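Notes for the one structure printed next.
In my numbering, the protein residues as written are 7 to 90.
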């Protein structure tokens with residue numbers, strides 16, 4: 007998947023707390039793309055952490071059945087930390 011501008015993969019778990027990120031959503035596929043586009047349009051940066059379906063909150067059966075990569079998305083306002 008190609009991520010929109012100002013969206014990137016999480017490299018260091020400590021970055022979430024130290025960088026002022028907050029968890030926004032767990033998603034995959036087309037829905038993930040729409041979510042990222044919306045957050046960028048609203049002036050946010052997005053940090054994505056690839057996770058296993060079992061780590062998803064609530065029912066994870068749909069994520070398992072879809073066999074798509076699943077991401078936990080963290081967001082923060084653009085300019086509130088180091089730009090990527």
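The C-beta atom is built at its ideal place from N, Cα and C for all residues, glycine as well. No experiment lies behind these values; they were computed from the predicted model shown.
Assigned secondary structure, residue i (DSSP; H/G/I helix, E/B strand, else coil)
i: residue 73; result: coil
i: residue 62; result: coil
With 16 other Cβ atoms within 10 Å as the buried cut-off, status of residue i
i: residue 62; result: buried
i: residue 60; result: exposed
i: residue 90; result: The pLDDT assigned to residue 90 is 45, lower than 50, so where the model puts this residue is not dependable, and the model offers no usable value.
i: residue 80; result: buried
i: residue 86; result: exposed
Supposed contact pair residue j and residue i - C-beta distance, whole angstroms, cut 8 Å
i: residue 82; j: residue 50; result: 7 Å
Residues sharing a beta bridge with residue i, DSSP
i: residue 80; result: 29, 53
i: residue 2; result: Missing from the structure shown is residue 2; the chain here goes from 7 to 90 and no further.
i: residue 34; result: 76
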